[in-house]
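The opening residue of the sequence shown carries number 1 in UniProt numbering; numbering runs sequentially from there. The structure appears right after this line, and notes come after that.
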Amino acid sequence: MTFGGVPGEDQLEKDKIIERQLRFQNLLMSISTQYINADVSDIDRLIQKSLQQIGEFVEADRSYIFSYDFTANTTSNTYEWCAQGIEAEIHNLQDIPVDFIPQWLQAHRKGRPFYVEDVSKLPKDGEFGLRAILEPQGIKSLITIPEIKNNELIGFIGFDSVRKINQYSQNEQDILFVYANMLVNVLLRKESEERIAEQEAKKEELLQHLSKQNQELNEYAHAVSHDLKAPLINIYTLITWFLDDHKTTLTESALKPLYQVQQHVEKMDHLIKGILDYATIDKLTTADREIDLKALLDDVLDTLLVPAHVKIHLQDHWPPIMGNDWSLKQLFQNLIQNAIKYNDKAVGEITVGATDIEGGLEFFVRDNGMGIHPDHFERIFQVFTKLDHNNASSGIGLSIVKKIVHHYKGNIRLHSEEGRGTTFYFTLPAALV
(Lines of atoms letter the chains of each structure in order from A; the text may use other names.)
(Lines give C-alpha, C1' and ligand atoms only; values in the text may rest on other atoms or scores of the structure.)
Protein backbone atom coordinates (compact mmCIF):
# COMPACT_ATOMS: atom_id res chain seq x y z
CA MET A 1 0.00 0.00 0.00
CA THR A 2 1.26 3.50 -0.81
CA PHE A 3 0.48 6.83 0.75
CA GLY A 4 0.65 10.07 -1.22
CA GLY A 5 2.41 8.35 -4.15
CA VAL A 6 5.30 7.09 -1.95
CA PRO A 7 6.06 3.38 -2.54
CA GLY A 8 5.49 1.07 0.40
CA GLU A 9 8.31 -0.87 2.15
CA ASP A 10 7.51 -4.11 0.28
CA GLN A 11 7.80 -2.40 -3.09
CA LEU A 12 11.08 -0.73 -2.10
CA GLU A 13 12.47 -4.08 -1.04
CA LYS A 14 11.43 -5.67 -4.34
CA ASP A 15 13.03 -2.81 -6.26
CA LYS A 16 16.26 -3.32 -4.33
CA ILE A 17 16.23 -7.03 -5.14
CA ILE A 18 15.62 -6.35 -8.84
CA GLU A 19 18.31 -3.66 -8.93
CA ARG A 20 20.77 -6.03 -7.24
CA GLN A 21 19.98 -8.81 -9.71
CA LEU A 22 20.54 -6.42 -12.63
CA ARG A 23 23.89 -5.33 -11.20
CA PHE A 24 24.86 -8.99 -10.71
CA GLN A 25 23.95 -9.82 -14.30
CA ASN A 26 25.85 -6.80 -15.61
CA LEU A 27 28.88 -7.88 -13.61
CA LEU A 28 28.73 -11.34 -15.21
CA MET A 29 28.44 -9.80 -18.67
CA SER A 30 31.51 -7.68 -17.99
CA ILE A 31 33.49 -10.71 -16.78
CA SER A 32 32.33 -12.75 -19.77
CA THR A 33 33.51 -10.03 -22.19
CA GLN A 34 36.93 -9.98 -20.52
CA TYR A 35 37.19 -13.78 -20.81
CA ILE A 36 36.26 -13.75 -24.51
CA ASN A 37 38.84 -11.10 -25.39
CA ALA A 38 41.59 -12.45 -23.13
CA ASP A 39 44.90 -13.84 -24.27
CA VAL A 40 45.52 -17.33 -22.88
CA SER A 41 48.50 -16.01 -20.88
CA ASP A 42 46.13 -13.61 -19.06
CA ILE A 43 43.40 -16.11 -18.16
CA ASP A 44 44.74 -17.01 -14.69
CA ARG A 45 44.80 -13.32 -13.70
CA LEU A 46 41.25 -12.78 -14.99
CA ILE A 47 39.94 -15.83 -13.12
CA GLN A 48 41.55 -14.53 -9.94
CA LYS A 49 40.05 -11.08 -10.57
CA SER A 50 36.57 -12.49 -11.24
CA LEU A 51 36.67 -14.53 -8.03
CA GLN A 52 37.27 -11.29 -6.19
CA GLN A 53 34.53 -9.42 -8.06
CA ILE A 54 31.91 -12.13 -7.50
CA GLY A 55 33.07 -12.74 -3.93
CA GLU A 56 32.78 -9.05 -3.04
CA PHE A 57 29.40 -8.77 -4.74
CA VAL A 58 27.84 -11.64 -2.77
CA GLU A 59 29.62 -10.36 0.37
CA ALA A 60 31.64 -13.55 0.82
CA ASP A 61 35.02 -13.52 2.58
CA ARG A 62 36.63 -16.23 0.51
CA SER A 63 35.90 -17.51 -3.02
CA TYR A 64 37.64 -20.42 -4.69
CA ILE A 65 37.71 -23.11 -7.36
CA PHE A 66 38.28 -26.81 -6.70
CA SER A 67 38.90 -29.60 -9.19
CA TYR A 68 37.80 -33.20 -8.71
CA ASP A 69 40.10 -36.14 -9.41
CA PHE A 70 37.90 -39.22 -9.44
CA THR A 71 40.81 -41.49 -10.30
CA ALA A 72 42.47 -40.66 -6.98
CA ASN A 73 39.09 -39.80 -5.37
CA THR A 74 40.39 -36.43 -4.19
CA THR A 75 39.65 -32.76 -4.68
CA SER A 76 42.14 -29.86 -4.73
CA ASN A 77 41.92 -26.09 -4.41
CA THR A 78 43.24 -24.50 -7.64
CA TYR A 79 42.26 -20.81 -7.30
CA GLU A 80 41.43 -18.73 -4.22
CA TRP A 81 40.57 -15.14 -3.33
CA CYS A 82 40.41 -13.91 0.27
CA ALA A 83 39.06 -10.64 1.60
CA GLN A 84 41.40 -8.45 3.62
CA GLY A 85 42.15 -10.00 6.99
CA ILE A 86 40.93 -13.47 5.96
CA GLU A 87 43.52 -16.25 6.08
CA ALA A 88 44.19 -18.19 2.87
CA GLU A 89 43.48 -21.92 2.93
CA ILE A 90 44.56 -23.01 -0.58
CA HIS A 91 47.80 -24.62 0.63
CA ASN A 92 45.92 -26.68 3.21
CA LEU A 93 43.32 -27.90 0.75
CA GLN A 94 45.22 -30.12 -1.67
CA ASP A 95 44.32 -33.75 -2.39
CA ILE A 96 41.43 -33.79 0.09
CA PRO A 97 39.69 -37.21 0.02
CA VAL A 98 36.17 -36.84 -1.39
CA ASP A 99 35.03 -39.15 1.40
CA PHE A 100 35.35 -36.11 3.70
CA ILE A 101 32.64 -34.23 1.79
CA PRO A 102 29.99 -36.83 0.87
CA GLN A 103 27.08 -34.38 1.27
CA TRP A 104 28.20 -31.83 -1.26
CA LEU A 105 29.66 -34.45 -3.61
CA GLN A 106 26.24 -36.08 -3.69
CA ALA A 107 24.61 -32.72 -4.46
CA HIS A 108 27.18 -31.91 -7.15
CA ARG A 109 26.70 -35.27 -8.87
CA LYS A 110 23.03 -34.34 -9.22
CA GLY A 111 23.95 -30.92 -10.66
CA ARG A 112 22.78 -29.09 -7.54
CA PRO A 113 24.50 -26.52 -5.30
CA PHE A 114 25.56 -27.47 -1.79
CA TYR A 115 24.47 -24.68 0.55
CA VAL A 116 25.00 -24.40 4.30
CA GLU A 117 23.48 -21.20 5.65
CA ASP A 118 24.70 -21.75 9.24
CA VAL A 119 27.64 -24.11 9.86
CA SER A 120 27.00 -24.07 13.61
CA LYS A 121 23.72 -25.91 13.01
CA LEU A 122 25.44 -28.86 11.27
CA PRO A 123 25.47 -32.09 13.31
CA LYS A 124 28.63 -32.89 15.24
CA ASP A 125 29.60 -36.01 13.27
CA GLY A 126 33.15 -36.67 14.43
CA GLU A 127 36.61 -35.29 13.68
CA PHE A 128 36.28 -36.05 9.93
CA GLY A 129 32.71 -34.77 9.63
CA LEU A 130 31.77 -31.70 7.59
CA ARG A 131 31.39 -29.42 10.62
CA ALA A 132 34.80 -30.46 11.91
CA ILE A 133 36.33 -29.52 8.54
CA LEU A 134 34.56 -26.14 8.14
CA GLU A 135 34.65 -24.67 11.66
CA PRO A 136 38.50 -24.63 11.99
CA GLN A 137 38.52 -22.44 8.82
CA GLY A 138 36.19 -20.00 10.60
CA ILE A 139 33.42 -20.62 8.09
CA LYS A 140 29.92 -19.53 9.19
CA SER A 141 28.13 -19.97 5.82
CA LEU A 142 29.12 -21.58 2.52
CA ILE A 143 27.78 -22.36 -0.89
CA THR A 144 29.43 -24.52 -3.57
CA ILE A 145 28.29 -24.73 -7.22
CA PRO A 146 29.22 -27.73 -9.38
CA GLU A 147 31.24 -27.29 -12.58
CA ILE A 148 29.94 -29.57 -15.32
CA LYS A 149 31.75 -30.30 -18.61
CA ASN A 150 29.98 -32.46 -21.19
CA ASN A 151 27.69 -33.85 -18.49
CA GLU A 152 30.71 -34.74 -16.39
CA LEU A 153 31.44 -33.29 -12.94
CA ILE A 154 34.94 -31.76 -13.00
CA GLY A 155 34.97 -29.44 -9.99
CA PHE A 156 33.14 -26.67 -8.15
CA ILE A 157 33.28 -23.01 -7.21
CA GLY A 158 32.64 -22.02 -3.63
CA PHE A 159 32.03 -18.99 -1.42
CA ASP A 160 32.79 -18.90 2.32
CA SER A 161 31.42 -16.35 4.76
CA VAL A 162 33.62 -15.98 7.83
CA ARG A 163 32.48 -12.73 9.44
CA LYS A 164 28.72 -13.30 9.27
CA ILE A 165 25.93 -15.65 8.26
CA ASN A 166 25.21 -15.20 4.56
CA GLN A 167 22.03 -15.97 2.66
CA TYR A 168 21.79 -16.72 -1.08
CA SER A 169 18.48 -16.30 -2.84
CA GLN A 170 17.43 -18.74 -5.56
CA ASN A 171 18.10 -16.06 -8.16
CA GLU A 172 21.64 -15.52 -6.87
CA GLN A 173 22.24 -19.26 -6.93
CA ASP A 174 21.08 -19.36 -10.56
CA ILE A 175 23.48 -16.54 -11.47
CA LEU A 176 26.33 -18.36 -9.71
CA PHE A 177 25.57 -21.38 -11.92
CA VAL A 178 26.03 -19.14 -14.97
CA TYR A 179 29.37 -18.00 -13.55
CA ALA A 180 30.40 -21.64 -12.99
CA ASN A 181 29.62 -22.44 -16.64
CA MET A 182 31.67 -19.42 -17.75
CA LEU A 183 34.62 -20.69 -15.72
CA VAL A 184 34.33 -24.16 -17.27
CA ASN A 185 34.43 -22.65 -20.76
CA VAL A 186 37.37 -20.37 -20.09
CA LEU A 187 39.35 -23.14 -18.38
CA LEU A 188 38.64 -25.45 -21.33
CA ARG A 189 39.88 -22.75 -23.69
CA LYS A 190 43.03 -22.33 -21.61
CA GLU A 191 43.57 -26.11 -21.60
CA SER A 192 43.12 -26.36 -25.37
CA GLU A 193 45.40 -23.43 -26.18
CA GLU A 194 48.09 -24.68 -23.81
CA ARG A 195 47.86 -28.14 -25.41
CA ILE A 196 48.19 -26.58 -28.87
CA ALA A 197 51.14 -24.47 -27.73
CA GLU A 198 52.77 -27.56 -26.21
CA GLN A 199 52.26 -29.52 -29.43
CA GLU A 200 53.69 -26.63 -31.47
CA ALA A 201 56.70 -26.48 -29.15
CA LYS A 202 57.21 -30.24 -29.50
CA LYS A 203 56.81 -29.95 -33.26
CA GLU A 204 59.41 -27.18 -33.41
CA GLU A 205 61.74 -29.18 -31.17
CA LEU A 206 61.27 -32.24 -33.42
CA LEU A 207 61.93 -30.18 -36.56
CA GLN A 208 65.12 -28.77 -35.04
CA HIS A 209 66.17 -32.27 -34.00
CA LEU A 210 65.47 -33.64 -37.49
CA SER A 211 67.33 -30.72 -39.06
CA LYS A 212 70.32 -31.45 -36.85
CA GLN A 213 70.14 -35.15 -37.68
CA ASN A 214 69.93 -34.40 -41.39
CA GLN A 215 72.96 -32.15 -41.14
CA GLU A 216 74.89 -34.81 -39.24
CA LEU A 217 73.87 -37.47 -41.79
CA ASN A 218 74.90 -35.19 -44.63
CA GLU A 219 78.30 -34.59 -43.03
CA TYR A 220 78.61 -38.31 -42.29
CA ALA A 221 77.79 -39.22 -45.90
CA HIS A 222 80.50 -36.87 -47.17
CA ALA A 223 83.03 -38.17 -44.65
CA VAL A 224 82.26 -41.82 -45.40
CA SER A 225 82.34 -41.30 -49.15
CA HIS A 226 85.72 -39.59 -48.87
CA ASP A 227 87.17 -42.19 -46.50
CA LEU A 228 85.93 -45.08 -48.67
CA LYS A 229 86.86 -43.60 -52.02
CA ALA A 230 90.51 -43.00 -51.09
CA PRO A 231 91.42 -46.70 -50.54
CA LEU A 232 89.31 -47.74 -53.53
CA ILE A 233 91.25 -45.38 -55.78
CA ASN A 234 94.51 -46.80 -54.39
CA ILE A 235 93.36 -50.39 -54.99
CA TYR A 236 92.22 -49.61 -58.52
CA THR A 237 95.46 -47.76 -59.32
CA LEU A 238 97.69 -50.54 -57.95
CA ILE A 239 95.82 -53.23 -59.90
CA THR A 240 95.96 -51.16 -63.09
CA TRP A 241 99.73 -50.69 -62.69
CA PHE A 242 100.18 -54.40 -62.01
CA LEU A 243 98.13 -55.36 -65.08
CA ASP A 244 100.06 -52.94 -67.28
CA ASP A 245 103.36 -54.38 -66.06
CA HIS A 246 102.43 -58.10 -66.24
CA LYS A 247 99.78 -58.32 -68.95
CA THR A 248 102.22 -60.08 -71.32
CA THR A 249 103.69 -62.46 -68.77
CA LEU A 250 100.54 -63.73 -67.00
CA THR A 251 97.98 -66.17 -68.39
CA GLU A 252 94.36 -65.21 -68.96
CA SER A 253 93.28 -67.34 -66.00
CA ALA A 254 95.74 -65.51 -63.77
CA LEU A 255 94.54 -62.09 -64.98
CA LYS A 256 90.83 -62.87 -64.66
CA PRO A 257 90.63 -62.43 -60.82
CA LEU A 258 92.37 -59.07 -61.13
CA TYR A 259 89.88 -57.89 -63.74
CA GLN A 260 87.08 -59.04 -61.38
CA VAL A 261 88.60 -56.99 -58.56
CA GLN A 262 88.65 -53.96 -60.85
CA GLN A 263 84.98 -54.49 -61.68
CA HIS A 264 84.04 -54.75 -58.00
CA VAL A 265 86.00 -51.60 -57.19
CA GLU A 266 84.12 -49.75 -59.94
CA LYS A 267 80.85 -51.11 -58.63
CA MET A 268 81.73 -49.96 -55.11
CA ASP A 269 82.66 -46.54 -56.45
CA HIS A 270 79.25 -46.24 -58.17
CA LEU A 271 77.54 -47.28 -54.95
CA ILE A 272 79.35 -44.65 -52.86
CA LYS A 273 78.60 -41.95 -55.41
CA GLY A 274 74.93 -42.99 -55.43
CA ILE A 275 74.68 -42.84 -51.64
CA LEU A 276 76.27 -39.39 -51.59
CA ASP A 277 73.98 -38.15 -54.37
CA TYR A 278 70.90 -39.51 -52.58
CA ALA A 279 71.92 -37.92 -49.27
CA THR A 280 72.52 -34.48 -50.75
CA ILE A 281 69.51 -34.05 -53.08
CA ASP A 282 67.50 -31.94 -50.63
CA LYS A 283 70.56 -30.22 -49.13
CA LEU A 284 71.30 -28.13 -52.22
CA THR A 285 72.28 -24.58 -51.30
CA THR A 286 72.33 -23.04 -54.79
CA ALA A 287 69.22 -21.10 -55.74
CA ASP A 288 66.87 -22.28 -58.47
CA ARG A 289 67.24 -20.53 -61.79
CA GLU A 290 65.67 -20.69 -65.23
CA ILE A 291 66.93 -23.81 -67.01
CA ASP A 292 67.28 -24.35 -70.76
CA LEU A 293 66.13 -27.96 -70.92
CA LYS A 294 67.41 -28.55 -74.45
CA ALA A 295 70.92 -27.48 -73.45
CA LEU A 296 70.69 -29.47 -70.20
CA LEU A 297 69.65 -32.66 -72.02
CA ASP A 298 72.42 -32.22 -74.59
CA ASP A 299 74.90 -32.02 -71.69
CA VAL A 300 73.41 -35.17 -70.15
CA LEU A 301 73.75 -37.13 -73.41
CA ASP A 302 77.36 -35.96 -73.79
CA THR A 303 78.21 -37.56 -70.42
CA LEU A 304 76.51 -40.90 -71.16
CA LEU A 305 78.00 -43.84 -73.03
CA VAL A 306 75.26 -44.51 -75.61
CA PRO A 307 75.72 -47.77 -77.56
CA ALA A 308 75.54 -47.53 -81.36
CA HIS A 309 72.35 -49.60 -81.53
CA VAL A 310 70.44 -47.23 -79.20
CA LYS A 311 68.76 -44.15 -80.67
CA ILE A 312 67.71 -41.30 -78.34
CA HIS A 313 65.07 -38.87 -79.57
CA LEU A 314 64.48 -35.49 -77.92
CA GLN A 315 61.43 -33.40 -78.76
CA ASP A 316 62.24 -30.18 -80.67
CA HIS A 317 60.85 -27.48 -78.39
CA TRP A 318 61.21 -27.29 -74.60
CA PRO A 319 59.62 -24.73 -72.27
CA PRO A 320 61.92 -22.89 -69.85
CA ILE A 321 61.73 -24.22 -66.30
CA MET A 322 62.92 -23.05 -62.89
CA GLY A 323 65.08 -25.52 -61.02
CA ASN A 324 68.52 -26.60 -59.91
CA ASP A 325 70.83 -27.49 -62.76
CA TRP A 326 72.57 -30.33 -60.91
CA SER A 327 69.43 -32.05 -59.61
CA LEU A 328 67.60 -31.92 -62.95
CA LYS A 329 70.66 -33.38 -64.69
CA GLN A 330 70.67 -36.18 -62.11
CA LEU A 331 66.99 -36.84 -62.77
CA PHE A 332 67.25 -37.14 -66.56
CA GLN A 333 70.62 -38.89 -66.47
CA ASN A 334 69.37 -41.67 -64.20
CA LEU A 335 66.19 -42.25 -66.23
CA ILE A 336 67.95 -42.27 -69.61
CA GLN A 337 70.81 -44.40 -68.28
CA ASN A 338 68.25 -46.84 -66.90
CA ALA A 339 66.51 -47.00 -70.29
CA ILE A 340 69.84 -47.75 -72.03
CA LYS A 341 70.92 -50.37 -69.49
CA TYR A 342 67.71 -52.41 -69.65
CA ASN A 343 67.22 -52.37 -73.43
CA ASP A 344 67.51 -55.82 -75.01
CA LYS A 345 66.36 -54.93 -78.53
CA ALA A 346 68.52 -55.01 -81.67
CA VAL A 347 67.57 -51.36 -82.16
CA GLY A 348 66.92 -49.51 -78.93
CA GLU A 349 64.56 -46.55 -79.05
CA ILE A 350 64.42 -43.97 -76.26
CA THR A 351 62.21 -40.87 -76.46
CA VAL A 352 62.30 -37.93 -74.03
CA GLY A 353 59.60 -35.28 -74.07
CA ALA A 354 57.08 -33.23 -72.13
CA THR A 355 53.40 -32.33 -72.38
CA ASP A 356 51.37 -29.54 -70.78
CA ILE A 357 49.01 -30.60 -68.01
CA GLU A 358 46.83 -28.64 -65.64
CA GLY A 359 49.12 -27.01 -63.10
CA GLY A 360 52.43 -27.71 -64.82
CA LEU A 361 54.29 -30.11 -67.12
CA GLU A 362 54.44 -33.88 -67.35
CA PHE A 363 57.76 -35.23 -68.62
CA PHE A 364 58.29 -38.73 -69.96
CA VAL A 365 61.19 -41.04 -70.78
CA ARG A 366 59.97 -43.89 -73.00
CA ASP A 367 61.93 -46.98 -74.13
CA ASN A 368 61.27 -50.21 -76.03
CA GLY A 369 63.35 -52.33 -73.68
CA MET A 370 62.78 -55.29 -71.40
CA GLY A 371 59.85 -53.85 -69.46
CA ILE A 372 58.98 -54.32 -65.77
CA HIS A 373 56.43 -56.63 -64.19
CA PRO A 374 53.66 -54.66 -62.35
CA ASP A 375 54.58 -56.40 -59.07
CA HIS A 376 57.84 -54.42 -59.07
CA PHE A 377 56.43 -50.94 -59.87
CA GLU A 378 56.69 -49.68 -56.27
CA ARG A 379 59.73 -51.70 -55.29
CA ILE A 380 62.06 -50.29 -57.96
CA PHE A 381 61.96 -46.84 -56.30
CA GLN A 382 63.34 -48.19 -53.02
CA VAL A 383 66.99 -47.60 -52.16
CA PHE A 384 69.38 -50.45 -53.11
CA THR A 385 66.65 -52.30 -55.07
CA LYS A 386 67.85 -54.06 -58.23
CA LEU A 387 65.79 -56.44 -60.38
CA ASP A 388 68.94 -57.78 -62.05
CA HIS A 389 71.76 -58.74 -59.69
CA ASN A 390 74.24 -59.45 -62.45
CA ASN A 391 75.06 -55.84 -63.37
CA ALA A 392 77.16 -53.12 -61.78
CA SER A 393 74.16 -50.96 -60.87
CA SER A 394 74.13 -49.50 -57.35
CA GLY A 395 70.35 -49.85 -57.04
CA ILE A 396 70.04 -46.18 -56.06
CA GLY A 397 69.31 -44.48 -59.41
CA LEU A 398 65.51 -44.63 -59.37
CA SER A 399 65.34 -43.75 -55.67
CA ILE A 400 67.36 -40.61 -56.51
CA VAL A 401 64.91 -39.83 -59.32
CA LYS A 402 61.92 -40.16 -56.98
CA LYS A 403 63.55 -38.06 -54.29
CA ILE A 404 64.34 -35.25 -56.76
CA VAL A 405 60.78 -35.25 -58.13
CA HIS A 406 59.31 -35.13 -54.62
CA HIS A 407 61.77 -32.38 -53.69
CA TYR A 408 60.07 -30.27 -56.38
CA LYS A 409 56.60 -31.28 -55.07
CA GLY A 410 55.96 -33.41 -58.16
CA ASN A 411 54.82 -37.01 -58.69
CA ILE A 412 56.32 -39.95 -60.57
CA ARG A 413 54.68 -43.03 -62.10
CA LEU A 414 55.36 -45.56 -64.81
CA HIS A 415 53.63 -47.66 -67.44
CA SER A 416 55.38 -50.84 -68.54
CA GLU A 417 54.80 -54.11 -70.40
CA GLU A 418 57.28 -56.94 -70.16
CA GLY A 419 59.12 -57.39 -73.44
CA ARG A 420 57.71 -54.19 -74.93
CA GLY A 421 59.20 -51.35 -72.91
CA THR A 422 58.66 -48.82 -70.12
CA THR A 423 57.62 -45.19 -69.87
CA PHE A 424 58.44 -43.15 -66.75
CA TYR A 425 56.28 -40.06 -66.20
CA PHE A 426 57.05 -37.30 -63.71
CA THR A 427 55.40 -33.95 -63.09
CA LEU A 428 56.75 -30.56 -62.11
CA PRO A 429 54.25 -28.06 -60.72
CA ALA A 430 53.23 -24.79 -62.35
CA ALA A 431 55.25 -22.73 -59.88
CA LEU A 432 58.42 -24.07 -61.45
CA VAL A 433 57.31 -23.68 -65.07
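Don't be surprised by glycine CBs; every beta carbon is placed ideally from N, CA and C. Please read these numbers as outputs of a predicted model, since none were measured by experiment.
CA-CA distance, residue 56 to residue 205, rounds to 45 angstroms. If you draw a straight line from the Cα of residue 76 to the Cα of residue 106, it is about 17 angstroms long. Collapsing the DSSP output to three states places residue 58 in coil. Of the residues 236, 159 and 325, the one whose Cα lies closest to the Cα of residue 140 is 159. In this structure, DSSP gives residue 322 an extended state, which the three-state scheme calls strand. Here the alpha carbon of residue 258 sits roughly 16 angstroms from the alpha carbon of residue 231. Rounded to whole angstroms, residue 330 and residue 403 show a C-alpha spacing of 11 angstroms.
For residue 32, the enclosing alpha helix (DSSP H) stretches over residues 9-37. DSSP places residue 40 outside any alpha helix (DSSP H), giving it a letter other than H or E. Residue 400 places its beta carbon 7 angstroms or farther from that of residue 350. Relative to residue 175, the option among 200, 354, 27 and 133 whose CA is nearest is 27. Every alpha helix (DSSP H) of 4 residues or more that sits fully in the segment 109-158 is shown, in chain order, as 130-134. Bridge pairing for residue 415: 423 [DSSP]. Beta-bridge pairing by DSSP links residue 313 to 351. Beta-bridge pairing by DSSP links residue 81 to 63. DSSP places residue 365 within a strand segment (E or B) once states are collapsed to three. Looking at the backbone, the Cα of residue 154 and that of residue 122 are separated by about 26 angstroms. Rounded to the nearest whole angstrom, the C-alpha separation of residue 405 and residue 367 is 20 angstroms. Residue 428 is bridged by DSSP to 361.
Residue 165 sits in coil when the DSSP states are folded into three classes, being neither helix nor strand. The beta carbon of residue 34 sits closer than 7 angstroms to the beta carbons of 46 from its chain, once the five residues preceding and following it are set aside; these are given in chain order. Around the C-beta of residue 265, 16 or more other C-beta atoms lie within 10 Å, and the residue is accordingly described as buried. Assigned with DSSP and collapsed to three states, residue 251 falls in coil, not helix or strand.
Nearest neighbour of residue 423 by Cα position, chosen from 352, 198 and 409, turns out to be 352.
Between residue 208 and residue 201, the alpha-carbon positions lie close to 11 angstroms from each other. Under the DSSP definition of a beta bridge, residue 195 lacks any partner. Between the segment 90-99 and the segment 169-189 there are fewer than three inter-stretch CB-CB distances shorter than 8 angstroms, so the stretches are not counted as touching.
Ranking 110, 98 and 108 by CA distance to the CA of residue 129 puts 98 first. Excluding five sequence positions before and after residue 415, the CB atoms of its chain that fall closer than 6 angstroms to its own CB belong to 423, given in chain order. In the three-state DSSP reduction, residue 71 falls in the coil class, being neither helix nor strand. Going by DSSP, residue 291 is part of the beta strand (DSSP E) stretching over 289-291. By the Cβ neighbour-count rule, residue 316 is exposed, with fewer than 16 other Cβ atoms within 10 Å of its own. Looking at the DSSP output, residue 97 sits in a beta bridge with 74. With contacts defined by Cβ atoms closer than 7 angstroms, residue 61 and residue 186 do not form a contacting pair.
Within a 10 Å sphere around the beta-carbon of residue 333 sit 16 or more other beta-carbons, which makes this residue buried.
Residue 41 counts as exposed, since fewer than 16 other C-beta atoms from the protein chains shown sit within 10 angstroms of its C-beta.
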